[in-house]
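Notes to accompany the following structure.
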Amino acid sequence: MADPAYVRDQMLPPQKAPSTEVGTPRWIRENLFSGPLNTFLTVAALYAVYVVVGTIGPWLSRSVWNASTLQECRAIVEATYGAGKTGACFAVINERWQQILFGFYPRDLYWRPTLTLVLMLVALGPVLFTWVPRVFLWFSFAFPAVAFWLLWGGSVWLPITILLGFGVAYVVFRVLTPINGLLGIVAAIVAPILYWLFICGPLEEAIHSLIPLGLHQLYSDDFGGFLLSTVIGVSGIAFSLPIGILLALGRQSDLFIVKTACVAFIEGFRGVPLITLLFVASLLLNYFLPPGTEFDIILRVIIMVTIFSAAYMAEVIRGGLAALPRGQYEAADSLGLDYWQAQRLIVMPQALKISIPGIVGNFIGLFKDTTLVSFISLQDPLQLVSSIRANQEWNGIYWELFMFVGFLFFLFCFSMSRYSMYLEGKLKTDHR
Amino acid sequence: MSTAIEAPTTSFRLGMLIYDTRYRSLTIQVVFLVILVAFFVWLVDNTVHNLSLQGKDFDFGFLFVRAGYDINQTLVEYTNDSTHGRALVVGLLNTLFLAFLSCILATIIGLIAGVLRLSKNWIVSRLISVYIEIVRNVPVVLWIVLVNAIMSQSMPEPKDFRGETPAASMILFDSVAVTNRGVYVPAPLFDRGLGSLELGMFSVSLDLLAIIAVIIASVWGYRRVQASATRVQHATGVRPVTWWKSVLIITLPIVALKFALGFHLAYPELKGFNFNGGLQARNSLIAMWIALSVYSATYIAENVRAGVMAISRGQTEAALALGLRSSMALRLVVLPQALRVIVPPLISQYLSITKNTSLAIAVGYMDLRSTLGGITMNQTGREMESMLLLMGIYLTISLIISSLMNVYNRSIALKER
Chain Y
31 MADPAYVRDQ MLPPQKAPST EVGTPRWIRE NLFSGPLNTF LTVAALYAVY
81 VVVGTIGPWL SRSVWNASTL QECRAIVEAT YGAGKTGACF AVINERWQQI
131 LFGFYPRDLY WRPTLTLVLM LVALGPVLFT WVPRVFLWFS FAFPAVAFWL
181 LWGGSVWLPI TILLGFGVAY VVFRVLTPIN GLLGIVAAIV APILYWLFIC
231 GPLEEAIHSL IPLGLHQLYS DDFGGFLLST VIGVSGIAFS LPIGILLALG
281 RQSDLFIVKT ACVAFIEGFR GVPLITLLFV ASLLLNYFLP PGTEFDIILR
331 VIIMVTIFSA AYMAEVIRGG LAALPRGQYE AADSLGLDYW QAQRLIVMPQ
381 ALKISIPGIV GNFIGLFKDT TLVSFISLQD PLQLVSSIRA NQEWNGIYWE
431 LFMFVGFLFF LFCFSMSRYS MYLEGKLKTD HR
Chain C
9 MSTAIEAPTT SFRLGMLIYD TRYRSLTIQV VFLVILVAFF VWLVDNTVHN
59 LSLQGKDFDF GFLFVRAGYD INQTLVEYTN DSTHGRALVV GLLNTLFLAF
109 LSCILATIIG LIAGVLRLSK NWIVSRLISV YIEIVRNVPV VLWIVLVNAI
159 MSQSMPEPKD FRGETPAASM ILFDSVAVTN RGVYVPAPLF DRGLGSLELG
209 MFSVSLDLLA IIAVIIASVW GYRRVQASAT RVQHATGVRP VTWWKSVLII
259 TLPIVALKFA LGFHLAYPEL KGFNFNGGLQ ARNSLIAMWI ALSVYSATYI
309 AENVRAGVMA ISRGQTEAAL ALGLRSSMAL RLVVLPQALR VIVPPLISQY
359 LSITKNTSLA IAVGYMDLRS TLGGITMNQT GREMESMLLL MGIYLTISLI
409 ISSLMNVYNR SIALKER
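Chains as they are written, first to last, in the numbering used here: chain Y, 31 to 462; chain C, 9 to 425.
So this is what it looks like as structure tokens:
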């Protein structure tokens with residue numbers, strides 16, 4: 031049977047796809063001009079970009095970095111680019127960046143906050159990244175005391191004697207636990223508190239009079255700028271997470287009184303704006319304490335910010351706890367774990383993992399909220415911006431300072447949110 | 009043979025308070041309560057002692073004393089002869105007014121941004137991402153101060169509107185003037201107004217009440233028409249034509265009311281050095297409104313995006329397979345599910361907008377904090393009473409909003425086994 035002549039017996043050679051269906055043209059057509067609405071959006075977006083860049087671009091490109099007054103700045107711009115032209119005067123940042131970073135911290139002591147920052151990064155390493163050797167966790171633990179001493183100065187024995195309290199707790203726990211487990215735990219809580227209240231102060235004075243060793247003492251009025259924001263923000267972040275975890279557990283607990291107290295605490299502090307709490311810190315906190323108690327304003331602010339943030343943290347973590355399947359709790363019970371073991375080994379690792387985005391979101395919010403301390407006349411970056419503007423040399427300057435402060439905040443917050451994404455990806459164990 | 013094992017009938021021992029799970033929770037709670045009560049007693053005792061040391065008492069009588077200061081934006085009648093209590097109410101209304109405006113604008117911007125971020129258009133979605141990341145990673149106070157600076161520095165002065173070839177002109181058909189002293193918008197006026205109703209401290213405009221009543225009646229009528237049309241459709245299978253009835257019911261009463269009351273707009277006009285007529289929205293209000301809305305909108309946009317992405321494609325496909333039109337699939341299948349994800353965080357965003365209005369301190373908008381927690385507190389020197397009252401009011405607002413949210417959540421919760 032011969033092949034009919036009209037049947038093709040050879041394959042046609044493959045042809046190239048039409049040029050509009052491959053590569054860039056296709057991508058442009060599908061992504062930018064796939065329909066009337068899409069085309070309109072593309073054109074509108076391009077126009078918006080053109081307007082923004084067209085307005086800010088020339089102003090940015092005519093920037094001046096070296097001048098001592100705003101008038102000098104404007105004169106330089108007009109001399110270089112012709113009369114009537116305006117340009118960015120970044121000279122103010124060149125001249126005052128140290129003030130925005132450190133406030134009125136003494137200029138010759140800038141090495142102290144800088145060193146603290148470096149040490150903070152070292153201390154954060156083992157907390158943030160698992161590949162850093164675990165030994166460094168001891169340094170992270172001691173870091174708050176080190177940072178306090180470096181920033182505020184004073185006798186070196188104060189942080190050391192305070193840290194000794196934890197040693198006291200450990201020794202008491204080790205000695206008493208073999209006798210009675212419960213006694214050990216209670217004593218390990220009570221003993222360091224007694225130590226800090228009654229022994230710590232005299233001990234510190236005694237050692238200090240023997241071996242006076244310390245740094246130049248500074249006071250909270252000297253703090254300002256991003257140094258202040260970071261001190262308040264980082265302390266708030268560090269303290270609010272554990273308190274928030276405890277509050278969340280309390281809210282989930284079966285104990286009625288504990289639960290009610292936690293709910294009242296959480297809802298009460300979440301329901302008021304942070305700024306009223308800051309006013310409480312600056313105006314009312316001294317009323318609540320025994321007469322004659324002198325309390326540092328930064329410490330008062332840190333306490334209020336921590337409480338506020340812990341209430342939010344508790345809600346985020348409660349969300350994580352609620353998202354855990356009931357079976358996880360039951361599995362922990364059936365393994366014979368007690369409450370704290372179950373929380374530590376089974377529940378919390380999963381609940382915290384679920385709530386990472388919320389936790390980091392809270393951290394970012396807390397750090398941004400540190401700008402509110404300018405309203406109780408602490409020298410935060412925004413307050414410093416106004417005081418630089420009130421200066422005769424820089425009277426009338428706006429955008430450059432805002433841009434600088436905004437950029438630094440953006441850098442900090444954006445990198446935190448990126449880290450949270452990294453962490454989410456790393457801890458993702460469900461192979462979806 | 010089996011013998012019933014008797015429950016051990018040991019008597020109560022002290023150690024059981026700790027080691028017996030039946031009593032342990034009780035022990036813990038009692039200890040906790042004792043510590044808590046002791047702490048509060050300590051706080052109250054300190055406070056009483058400190059107040060008496062300064063010769064102060066705890067008394068809210070100052071609320072009924074003449075305030076003696078002016079407020080530059082009043083939604084209800086207020087003069088400096090009014091009491092501190094009335095200043096509080098004026099501030100509270102200003103707070104709620106700002107919160108209301110900001111919630112609406114933030115929702116609109118957030119919805120648009122959230123949908124556009126999901127757009128397949130590469131440029132648009134990138135642009136929206138840039139907007140969201142930049143705005144939400146910078147403190148809102150900075151945005152408030154920035155918008156305020158733009159309003160007061162970059163906007164034209166009223167005198168620029170004058171002359172043959174003015175440097176600035178009014179926008180929106182010559183009805184709105186944006187100046188560095190604020191934004192002037194047309195004011196609604198009634199030639200044959202109904203007057204106002206005196207309700208104790210407040211007077212309520214009857215015109216406003218009439219308008220609200222007519223709108224509610226129209227909406228009710230519209231629903232009745234739709235419901236009867238649905239009944240006919242269920243009975244006969246054919247839906248009667250209702251659109252002309254709906255249009256009439258919605259428009260006719262309100263237009264009739266407009267003529268009955270003699271409604272017209274008073275446009276702002278340049279007289280002397282400033283604009284007259286119309287309403288002035290101060291820079292502080294505009295700055296707070298725009299900055300809060302633009303800032304909160306970034307969070308709302310992320311919520312909207314999460315809500316839309318939470319609905320799997322299969323839901324749309326299933327709806328289409330059932331023969332629903334795509335508009336009906338969106339309305340009946342996708343939106344109800346997406347809203348369940350979107351609305352709870354949206355309401356907590358409203359909550360935080362309301363609390364963030366207290367940042368008005370940055371631009372001097374006269375909200376609750378600047379009246380009660382600001383001038384009143386400084387004049388009377390009663391920081392304890394003022395701050396507690398201030399926090400109490402904010403707490404009440406928050407609890408009301410969050411209880412509304414709980415009601416809503418319960419109504420839409422998945423009915424599970």
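We put the beta carbon where it would ideally sit given N, CA and C, even for glycine. Note that the coordinates shown come from a computational prediction; the quantities given were computed from them, not determined experimentally.
I need the DSSP call for residue i, collapsed to helix, strand or coil.
{"i": "C:T187", "result": "strand"}
{"i": "Y:Q380", "result": "helix"}
{"i": "C:R231", "result": "helix"}
{"i": "C:Y275", "result": "coil"}
{"i": "C:G285", "result": "coil"}
{"i": "Y:L245", "result": "strand"}
{"i": "Y:V176", "result": "helix"}
{"i": "Y:V83", "result": "helix"}
{"i": "Y:A221", "result": "helix"}
{"i": "C:Q161", "result": "helix"}
{"i": "Y:P48", "result": "coil"}
{"i": "Y:Q467", "result": "Since the first residue shown for chain Y is 31 and the last is 462, residue 467 of chain Y is missing from the structure and cannot be characterised."}
{"i": "C:F198", "result": "strand"}
{"i": "C:Q62", "result": "coil"}
{"i": "Y:V94", "result": "strand"}
{"i": "C:V212", "result": "strand"}
{"i": "Y:D39", "result": "coil"}
{"i": "Y:S416", "result": "helix"}
{"i": "C:G76", "result": "coil"}
{"i": "Y:Q409", "result": "strand"}
Is it the case that the Cβ atoms of residue i and residue j are separated by a distance below 8 Å?
{"i": "C:T103", "j": "C:D375", "result": "yes"}
{"i": "C:Y358", "j": "C:C111", "result": "yes"}
{"i": "Y:G255", "j": "Y:P411", "result": "yes"}
{"i": "Y:G184", "j": "Y:Q282", "result": "no"}
{"i": "C:A305", "j": "C:I152", "result": "no"}
{"i": "Y:M446", "j": "Y:V377", "result": "no"}
{"i": "C:T438", "j": "C:L106", "result": "Within the shown structure, residues of chain C are numbered from 9 to 425, placing residue 438 of chain C beyond reach of any answer."}
{"i": "C:G270", "j": "C:R200", "result": "yes"}
{"i": "Y:N68", "j": "C:N129", "result": "yes"}
Interface residues of chain Y around residue i at Cβ under 9 Å?
{"i": "C:R377", "result": "P303, I305, T306 and F309"}
Among residues of its own chain, excluding the 5 on either side of residue i, which ones have a beta-carbon nearer than 7 Å to its beta-carbon?
{"i": "C:M24", "result": "Y31"}
{"i": "Y:I427", "result": "L100, C119, V122 and R419"}
{"i": "Y:A340", "result": "S270, I273, G274 and L277"}
What residues of chain Y sit near residue i, judged by a beta carbon separation below 7 Å?
{"i": "C:I142", "result": "F440"}
{"i": "C:W130", "result": "N61 and L62"}
Near residue i, what residues of its chain come up, given a Cβ to Cβ distance below 8 Å and the 5 sequence neighbours on each side ignored?
{"i": "Y:F432", "result": "V415"}
{"i": "Y:G301", "result": "none"}
{"i": "Y:A268", "result": "P174"}
{"i": "C:I262", "result": "I219, V222, I223 and S226"}
For residue i, return the contacting residues in chain C, with the cut-off set at a CB-CB distance below 8 Å.
{"i": "Y:D363", "result": "Correct list: empty, because the minimum Cβ distance to chain C is about 12 Å."}
{"i": "Y:T260", "result": "Result: empty, since nearest Cβ-Cβ is about 14 Å, beyond 8 Å."}
{"i": "Y:A75", "result": "N129, I131, V132 and L135"}
Output needed for residue i: all residues of its chain with C-beta closer than 6 Å, excluding positions within five of it in sequence on either side, in chain order.
{"i": "C:T250", "result": "V233 and A237"}
{"i": "Y:L42", "result": "none"}
{"i": "Y:S250", "result": "D326, I327 and I328"}
Show which residues of chain Y have a CB atom less than 8 Å away from the CB atom of residue i.
{"i": "C:G381", "result": "T306 and F309"}
{"i": "C:Q161", "result": "Y428"}
{"i": "C:S33", "result": "D284 and L285"}
{"i": "C:P248", "result": "Ordered by position in chain Y, no residue passes the 8 Å Cβ test against C:P248, which lies about 34 Å from the chain."}
{"i": "C:F40", "result": "L285, I287, V288 and A291"}
Output, in chain order, the set of chain C residues within a Cβ distance shorter than 9 Å of residue i.
{"i": "Y:G298", "result": "M399 and L403"}
{"i": "Y:G133", "result": "Here the premise fails: no neighbours, minimum Cβ distance about 17 Å."}
Alpha helix (DSSP H) runs wholly inside the segment 352 to 409 of chain C, at least 4 long, in chain order:
385 to 388
At 4 residues or longer, and completely inside the segment 89 to 156 of chain C: list those alpha helix (DSSP H) runs for me, N to C.
92 to 125 and 130 to 144
Minimum length 3: unbroken beta strand (DSSP E) runs contained in the segment 316 to 342 of chain C:
none
Alpha helix (DSSP H) runs contained entirely in the segment 288 to 359 of chain Y, provided each spans 4 or more residues
304 to 309, 315 to 318 and 327 to 353
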